[in-house]
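Note sheet for the following structure.
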Amino acid sequence: EPRALDPELTVAPAAGTGHAIVVGHGRVGQVVCTLLDRHGCPYLAVDNDAAAVPEQRRSGREVYYGDARLPEFLRTCGVMDAKAVIVTVAATEAIDEVVRQVRALRADIVIVSRARDAAHARHLYRIGVTDAVPETIEASLQLSEAALIGLGQATGLVIASIHERRDEFRHELQQAAGLTSDEPSNAVKRKTLRRH
Numbered sequence: 253e254p255r256a257l258d259p260e261l262t263v264a265p266a267a268g269t270g271h272a273i274v275v276g277h278g279r280v281g282q283v284v285c286t287l288l289d290r291h292g293c294p295y296l297a298v299d300n301d302a303a304a305v306p307e308q309r310r311s312g313r314e315v316y317y318g319d320a321r322l323p324e325f326l327r328t329c330g331v332m333d334a335k336a337v338i339v340t341v342a343a344t345e346a347i348d349e350v351v352r353q354v355r356a357l358r359a360d361i362v363i364v365s366r367a368r369d370a371a372h373a374r375h376l377y378r379i380g381v382t383d384a385v386p387e388t389i390e391a392s393l394q395l396s397e398a399a400l401i402g403l404g405q406a407t408g409l410v411i412a413s414i415h416e417r418r419d420e421f422r423h424e425l426q427q428a429a430g431l432t433s434d435e436p437s438n439a440v441k442r443k444t445l446r447r448h
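Residues in the sequence shown are numbered consecutively from 253, following the working numbering.
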């Protein structure tokens, strides 16, 4: 006898406007959502884990079940009126497909995506992300920051230096992907995302 579908899986997202869509509500997605909340940024979180979503919803988290690789689901999430899509899932094939689908629907939307490493980040820039965040580079920057502060360097200077190095990495990855971070669209999108 087939198991009854958990009613939490059938709750449809109520799409707003000017919101971010967070794709993936695992450990990374939950941290992103917490910080969006902290900064008062409206968002809608989605995940395709049929076991995790009902549990998370019952614990008070606003997350919806669905597959962000499907254009119809993206439309249900209000992608046409959203400000950004933030891809936090780990599987590279899924990331690529979400980015392609979102970019096909909206040429102008900000897409920030997790990337496995520098090579994957370059690939993501080529297929249309606004910003790619390679795990390996972020881990190395965080290690450097902790080490420098632990060695007695001034926290403010260390943080400024880390931000500068992150920008250099981003520029190098975009150049390697055949883009430049001097393109107005990317620079404007990044500033817009940071300002709101």
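Every residue gets a Cβ at the ideal spot worked out from N, C-alpha and C, and that includes glycine.
By the 16-neighbour rule on beta-carbons within 10 angstroms, H375 is buried.
Closest by C-alpha distance to I411, out of L425, Y317, L395 and H372, is L395. With respect to Q353, R313 sits apart: the two C-beta atoms are not nearer than 8 angstroms. Going by DSSP, V331 is part of no alpha helix (DSSP H) at all; its letter is neither H nor E. For P386, the uninterrupted beta strand (DSSP E) segment begins and ends at D383 to P386.
Taking C-beta atoms as the reference points, D333 and V315 fail to come closer than 8 angstroms. Per DSSP, R355 is one residue of the alpha helix (DSSP H) stretching across T344 to L357. Around the Cβ of P386, a 10 Å sphere holds 16 or more other Cβ atoms; the residue is buried.
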